[in-house]
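**Q** Under our numbering, the first residue of the sequence shown is numbered 812, with each subsequent residue one higher.
Quick one: structure below, then a few questions.
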Amino acid sequence: MQDCHEYICGGCTKTLFYVDGLTRKCRNYHNEEKRKDHLETASIKYDYELDVLKIYENIIQENERKQINNNKLLFRINQYKSTEDILELLEIVDKEFKENYN
């Protein structure tokens, strides 16, 4: 297999640590010539081309949604003082939790 020169010293980590059936072979996409050839001909996106930013944005949006729901529940809990109201509120919380998080 041709060494890809990913690093100035040493070999490509995918080449050095390749285990048949467990890891992927190096396709030399980090070499400038191979990357240009790939970008000109390929219609398939490989893992190094995935848009990680979109994944992080989705995670952040999901966390913000959960935070807003939790803030609403905390606000409602603070409005109720008596134990009967709290028990009633706990039923509402359980219902909303099942709807929003399951």
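Cβ coordinates follow ideal geometry from the N, Cα and C atoms, glycine included.
Given the structure is predicted, the values throughout are model-derived calculations rather than measurements.
#1: Report all residues from its chain with a CB closer than 8 Å to the CB of Asn-880; omit the five preceding and five following residues, and keep chain order.
#2: Are the beta-carbon atoms belonging to Arg-904 and Leu-884 less than 8 Å from one another?
#3: Pull up the distance between the alpha-carbon of Gln-872 and that of Leu-864, whole angstroms please.
#4: Can you tell me which of Lys-877, Ile-866, Leu-901 puts its alpha carbon nearest to the alpha carbon of Arg-887?
**A** By the coordinates alone:
#1: Glu-907, Asn-911
#2: Note that residue 904 corresponds to Val in the displayed sequence, not to Arg. For Val-904 and Leu-884, yes; Cβs fall inside 8 Å.
#3: C-alpha separation (whole angstroms): 12 Å.
#4: Of Lys-877, Ile-866, Leu-901, the residue nearest in Cα terms is Leu-901.
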